[in-house]
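Novice:
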Amino acid sequence: MSKIFTIVLLIFTISTNIYYPIYRRLLDEDDKRIWSIALYTSNLRLFNYIIHTFHFLAPFVINLISAIVLITKRSRQKSNVHASQTFIETFKKIKENSHLLTAPVVVVILGIPRLIIVFLSKCIHISMSQFLWFAYIVPCFALFSCVSLSLMKDFEKSTRTHCNVTNFLPSISASISEYEPQRFIWRLCFALDSIPRYIIAYLRLNHLLNRHHIEYPEHFALVQIASSTFHFLELTFLLLLTYVSSREIKWIHEYSFISFMICSLAHMLLTVSTDYLWPRIMHIPLNEQEKSVRSKRLTWFTLNIVSISISFYFYYRHVTFCEPYIYSMFCLFEYIIVITNIAYHSVIMNEWDRQGVQIQFLIK
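In this text, residue positions in the sequence shown follow the UniProt record's numbering: the first is 1, and each later residue adds one.
1. Label N17 either buried or exposed according to how many other C-beta atoms from any shown protein chain fall within 10 Å of its C-beta, with 16 as the threshold for buried.
2. Going by DSSP in three states, I249 sits in which element: helix, strand or coil?
3. In three-state DSSP terms, what is S311?
4. Quick check on I18: does DSSP put it in helix, strand or coil?
5. Closer than 8 Å by C-beta to H318: which residues in its own chain qualify, once you throw out the five before and the five after it? Chain order, please.
6. What are the boundary residues of the alpha helix (DSSP H) that E351 is part of?
7. Determine contact between the region 250–257 and the region 195–210, defined as no fewer than three beta-carbon pairs at a distance below 8 Å.
8. Opposite R24 in the DSSP bridges: which residues?
9. Taking the straight line between their C-alpha atoms, what separation do you get for S273 and L222?
10. In terms of residues, what are the limits of the alpha helix (DSSP H) holding F210?
11. Would DSSP call S273 helix, strand or coil?
12. Can you tell me whether DSSP reads I71 as helix, strand or coil?
13. Whole angstroms is fine: what's the gap from L270's alpha carbon to E334's?
14. Give the DSSP-derived three-state secondary structure of R280 in the structure shown.
15. Out of D193, A226, A266 and H213, state which residue places its alpha-carbon closest to the alpha-carbon of L239.
16. Helix, strand or coil for S171 per DSSP?
17. F300 to L44, Cα distance in whole Å?
18. Which one of L241, S264 and S245 has the shortest CA to CA distance from F257?
19. Taking all protein chains shown into account, decide if H212 is buried (16 or more other Cβ within 10 angstroms of its Cβ) or exposed.
20. For I214 versus W278, is the C-beta spacing smaller than 8 Å?
21. Less than 6 Å between C-beta atoms, sequence neighbours within five positions excluded: which residues of the same chain meet that for P170?
22. Please look up how many angstroms separate the CB atoms of Y19 and S346, rounded, as I've assumed it's under 8 Å.
23. Please check the pair S311 and I337, which I expect to be a contact at CB under 8 Å, by giving their CB distance rounded to whole angstroms.
24. For a test of the three-state rule: what should DSSP assign to I102, helix, strand or coil?
25. So, at 7 Å on beta carbons, what are the nonlocal neighbours of F56 in its own chain, with the 5 sequence-adjacent residues on each side left out?
26. Taking C-alpha atoms, which residue in C146, I308, L10 and V106 lies nearest to S175?
27. From which residue to which residue does the alpha helix (DSSP H) around V223 run?
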């Protein structure tokens with residue numbers, strides 16, 4: 001039942017927010033400002049208010065009721081005489097299970113800024129450099145926090161494998177989906193990070209399509225659209241494997257992970273290939289910034305490929321021979337895969353010389 005509910009909830013959330021990218025436009029004003037403009041009709045504006053209010057209240061109510069029901073059931077299981085339980089005893093039970101109330105509180109805190117923005121009709125200014133730093137620092141923080149907490153408070157459980165050999169590192173999957181508060185931190189960070197990453201991907205596509213020093217611009221545009229499509233799919237599958245854990249719906253989590261890896265590598269390969277192989281107009285050579293950017297991309301892409309290959313080797317050895325510490329080596333290179341992926345995408349901070357540029361959000 002929970003699996004069906006998860007799928008229905010995912011479809012409902014996507015379908016009720018599908019209008020957002022359709023009616024929103026991103027306009028680049030000569031490298032001075034980037035405008036994010038939403039043009040809604042009166043009926044659509046009303047729907048926007050209602051659906052955002054619903055998305056704010058519904059998760060809070062569902063999480064709160066679920067927490068109360070769980071606390072009540074646990075209290076009744078531990079108490080033989082339900083009627084004689086005093087208010088102080090009930091309060092103690094709630095305090096013991098206070099971690100269950102973390103989710104609804106976090107949902108409210110995260111939802112309030114978005115709800116305020118929805119009901120405002122004025123411009124919101126965001127520095128481009130700060131926007132980019134936020135987008136790439138958040139996943140690094142999520143990875144470091146979840147792995148560190150798993151090592152400190154769930155070491156034995158998170159490093160345990162099917163053959164019970166000694167290990168010293170947990171896998172990312174175990175760190176982000178099986179224990180609390182790691183699961184909450186990971187999902188919280190990617191809830192904050194997903195929209196900025198989609199916006200950056202869209203802005204980069206616009207930036208590439210406006211290049212004037214490239215030979216065969218029509219074919220170049222098709223290649224960049226294909227590359228950006230892989231990038232959008234990469235971000236989407238990352239969200240899917242984040243919110244559907246292996247212990248909830250295993251096949252969705254596994255296919256999402258495989259699809260994420262394929263799309264990530266395809267996007268990197270297309271980008272690096274066009275950086276080095278696509279012909280330019282003869283009288284416009286590469287400047288130092290472009291040389292530095294493509295060199296960094298190639299470096300991070302190479303490290304990512306090497307890390308994936310080594311991780312496969314250690315995983316094969318673990319599954320075949322089940323040796324001590326081998327699974328931990330696989331986990332170590334799994335971390336490196338994630339870090340090199342983030343580092344590869346963060347090269348865009350060197351590619352865009354836009355320290356004074358602002359992103360401005362406007363709803364009309």
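Using N, Cα and C, we set each Cβ at its ideal position, and we do this for glycine too.
Specialist: According to the data block:
1. Counted from its first residue, the sequence shown places residue 17 at position 17. That one is exposed.
2. Your numbering for residue 249 matches position 249 in the sequence shown. If DSSP states are grouped into helix, strand and coil, I249 belongs with coil.
3. As a position in the sequence shown, residue 311 is number 311, starting the count at 1. The answer is helix: DSSP assigns S311 an H, G or I state.
4. Working through the sequence shown from its first residue, we reach residue 18 at position 18. Coil, per DSSP.
5. To locate residue 318, count along the sequence shown from 1; it is residue 318. Result list for H318: T161, I326, Y327 and F330, in chain order.
6. In the sequence shown, residue 351 corresponds to position 351, counting from 1. Note, E351: alpha helix (DSSP H), I348 to E351.
7. No: the two stretches stay apart, fewer than three of their Cβ pairs being nearer than 8 Å.
8. Position 24 of the sequence shown, counted from the first residue, corresponds to residue 24. Answer by DSSP bridge pairing, in chain order: A38.
9. In the sequence shown, counting from the first residue as 1, residue 273 sits at position 273. In the sequence shown, counting from the first residue as 1, residue 222 sits at position 222. Going by the C-alpha atoms only, they are around 14 Å apart.
10. Working through the sequence shown from its first residue, we reach residue 210 at position 210. Looking at the sequence provided, one finds Asn at residue 210 rather than Phe. Premise fails: N210 is in no alpha helix (DSSP H) and is neither H nor E.
11. Stepping through the sequence shown from its first residue, residue 273 is reached at position 273. Helix.
12. Taking the sequence shown and counting its residues from 1, one reaches residue 71 at position 71. Helix at I71.
13. For this step, residue 270 is matched to residue 270 along the sequence shown. For this step, residue 334 is matched to residue 334 along the sequence shown. Taken atom to atom, the span from the alpha-carbon of L270 to that of E334 is near 23 Å.
14. On the sequence shown, position 280 is the one that residue 280 refers to. If DSSP states are grouped into helix, strand and coil, R280 belongs with the strands.
15. On the sequence shown, residue 239 is found 239 positions in, with the first residue counted as 1. The residue with the shortest Cα to Cα distance from L239 is D193.
16. Translated into positions along the sequence shown, residue 171 becomes position 171. Coil.
17. The sequence position of residue 300 within the sequence shown is 300, counting from 1. The sequence position of residue 44 within the sequence shown is 44, counting from 1. Going by the sequence as given, residue 300 is Trp instead of Phe. When rounded, the distance between both Cα atoms is 44 Å.
18. As a working mapping, residue 257 is identified with position 257 in the sequence shown. Among L241, S264 and S245, the Cα nearest to that of F257 is on L241.
19. What you label residue 212 is simply residue 212 of the sequence shown in a count that begins at 1. With fewer than 16 other Cβ atoms within 10 Å, it is exposed.
20. Position 214 of the sequence shown, counted from the first residue, corresponds to residue 214. Position 278 of the sequence shown, counted from the first residue, corresponds to residue 278. Going by C-beta atoms, I214 is nearer than 8 Å to W278.
21. For the purposes of this step, residue 170 is identified with residue 170 of the sequence shown, where counting begins at 1. Answer for P170: S150, S158 and T159, listed in chain order.
22. Reading the sequence shown from its first residue, position 19 is the one you call residue 19. Reading the sequence shown from its first residue, position 346 is the one you call residue 346. For a cut-off of 8 Å, the C-beta gap from Y19 to S346 is around 31 Å, too long to register as a contact.
23. The count along the sequence shown starts at 1 and reaches residue 311 at position 311. The count along the sequence shown starts at 1 and reaches residue 337 at position 337. 6 Å between Cβ atoms; contact.
24. On the sequence shown, residue 102 is found 102 positions in, with the first residue counted as 1. A small correction: the amino acid at residue 102 is Thr; Ile does not occupy that position in the sequence shown. Of the three classes helix, strand and coil, the one that applies to T102 here is helix, per DSSP.
25. Residue 56 sits at position 56 when you count from the first residue of the sequence shown. So the list reads G111 and L115, once near-sequence residues are dropped.
26. Residue numbering aside, residue 175 sits at position 175 when the sequence shown is read from its first letter. Selected option, being the one with the closest Cα: C146.
27. Numbered from its first residue, the sequence shown carries residue 223 at position 223. Note, V223: alpha helix (DSSP H), P217 to Y243.
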